[in-house]
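Structure record follows, encoded as structure tokens.
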Amino acid sequence: MQPCRTRRRGSDVATAELPTTRPAGLPPEPEMHPLILNKHGLVSIGDAIGGVVLNGKHPRGWWIGFLSGLAMLQILAVSVAWLFYMGVGVWGINVPVAWGFAIVNFVWWIGIGHAGTLISAVLLLMHQKWRTSINRFSEAMTIFAVMCAGLFPLLHMGRPWFFYWLYPFPNVAGVWPQFRSPLTWDVFAVTTYFTVSLVFWYIGLIPDLAALRDQAHKRWQRIVYGLLSLGWRGSAIHWRRYEKVYLILGGISTPLVLSVHTVVSFDFAVSIVPLWHATIFPPFFVAGAIYSGFAMVVAIALPVRRWYKLEDFFTDHHMDIMGKVMLATGFLVTYGYFSEAWMAWYGHSLYEWGTTMERMFGPYGWSYWCLIGFNCVFPLTLLWSKKIRTNYFWMEMICISVLIGMWFERYVIVITLTREYIPSSWGRYAPTIWDYGTMVGSMGLFLTLFFLFIRYLPMISITEMRELLPRKQGGGGGHSIMENAP
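In the numbering used here, the protein residues as written are 2 to 487.
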């Protein structure tokens, strides 16, 4: 009887020679980019990010930034105190320009705050893993920027201590808000945006606060972070509820990216002023908000990653992607400038074309060409190059240029429209020292809050960075987290 031969399944496949080249006709494999460098593990990620908070030792750059912001915050305190004492007449506002720097700064800060929601919510729903390195401090930036923005409409009211009259609740004076007023729309839009952004930010912080509680060596740190973490233990039911709530908040926050700045644009678009009464304002404002918001994120992230040696988590690949987003939104903003001038000429409206010429070549023409240079010419010329997008110095210069240019854009929209239909109402606007004081002071408020955030809370999500670790490429004990190029 012949013995039965057993054949090991897959032996032929195992010994067969595998092809070493990619078959012809198939598209090339996408280029892969690391999201975490230098083979970090669970412990090293916690030490690198959590150590910034728990060690209490900060570089010279942090102290310079914090003390500079604190000094500018004192300017805000003095300016606001003098404004309360003397009234809004200390500003340079007058009859043709009744808004002045207050609304310029309001729209500018609201725009800066949009990048946090876009990075956190929209990219979360799109499953973009590269957001994990920048979503935390971009969310914090959103909250602080909205706080700075909300300051200016209140100060501009003249009697800010009656700000609660803007809310629809019965009172003995019988005052009811005017729901057809854009100011009332702004109150609801900004309040909703701030509340949802704050809750979204805090929910994302809870696992990291628990991680800091477990890593802390000082008693007060364990107590404080333990209270803030709300008893988080990392159980399966905790994670399931956390992911469900986080995803729901991401879905709620996504429409806010479009709706909030659209409502802000209605401050101008619902009027009959030439060049304000335009349907392009809502998408134009949203594109500008994303443009300036991403510029602020990169402008802050670049020095911070160098101060705290976080180049392994915020890599050149992140800079490259954000540079591409800025390039795309920059072209949308440039298209808005071109479309505005084109429609004023093509529509044969004497007033709109006259206002356009006045804006370009009138007394405030210098501000218009500043915004074209800072917003369009300089950044869009350089952002085409990947070498520029991954260069520390040039990206910082481009982002600062965009922030300056977007402020000039708001200045041009609000200030230059001093010559409307009736020549007798024409006038000029000259800001006073108190206008500059509140503007610089708002920057101080933003910087102070942001550097305090870096001091006491993790600027990068520890848990989300750890979630990337199981994605190994090849053998070995280290981790090489990769993502396809966009």
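For each residue, glycine too, the CB sits at the ideal point set by N, CA and C.
Element boundaries [alpha helix (DSSP H), containing residue i]
| i | result |
| --- | --- |
| Q222 | R220 to L229 |
| E341 | D317 to Y347 |
| T196 | P183 to Q216 |
| G251 | A237 to A270 |
| K388 | K387 to R390 |
| G51 | L43 to L55 |
| H157 | N136 to H157 |
| I463 | I463 to E468 |
| H115 | H115 to T118 |
| P380 | F379 to L383 |
Where residue i falls, given that 16 or more other Cβ within 10 Å makes a residue buried
| i | result |
| --- | --- |
| T196 | exposed |
| F269 | buried |
| W110 | buried |
| S236 | exposed |
| Y86 | exposed |
| L1 | A question about residue 1 goes unanswered here, because the residues of the chain that appear run from 2 up to 487. |
| A99 | exposed |
| A82 | exposed |
| W162 | exposed |
| Y457 | exposed |
| M323 | buried |
| V287 | buried |
| V96 | exposed |
| M127 | exposed |
| R234 | exposed |
| P169 | exposed |
| S386 | exposed |
| G337 | buried |
| F409 | buried |
| L167 | buried |
| S293 | buried |
Under the three-state DSSP convention, the category residue i falls into
| i | result |
| --- | --- |
| L311 | coil |
| I37 | strand |
| M87 | helix |
| F409 | helix |
| G101 | coil |
| G366 | helix |
| Y430 | coil |
| N95 | coil |
| Q179 | coil |
| T417 | coil |
| F170 | coil |
| A279 | coil |
| L404 | helix |
| R61 | helix |
| I423 | coil |
| P459 | coil |
Cβ distance (whole Å) where residue i is taken to contact residue j below 8 Å
| i | j | result |
| --- | --- | --- |
| V108 | L213 | Actually they are not in contact, since the Cβ atoms of V108 and L213 sit about 36 Å apart, beyond 8 Å. |
| M142 | V298 | 6 Å |
Evaluate the contact criterion for the segment 76 to 83 versus the segment 433 to 453: three or more CB pairs, one atom per stretch, below 8 Å.
-> yes
Pairing CB atoms from the segment 314 to 330 with CB atoms from the segment 273 to 281, are three or more of them under 8 Å?
-> no
Is the segment 379 to 386 in contact with the segment 341 to 357, if contact means three or more CB pairs nearer than 8 Å?
-> no
Evaluate contact between the segment 246 to 258 and the segment 112 to 121, counting only Cβ atoms and requiring at least three cross-stretch pairs below 8 Å.
-> yes
Counting pairs of Cβ atoms below 8 Å between the segment 191 to 209 and the segment 139 to 153, do you hit three or more?
-> yes
Examine the Cβ distances between the segment 62 to 76 and the segment 442 to 450 and report whether three or more of them are shorter than 8 Å.
-> yes
Is it true that the segment 451 to 467 meets the segment 55 to 70, where meeting means three or more beta-carbon pairs spaced less than 8 Å apart?
-> yes
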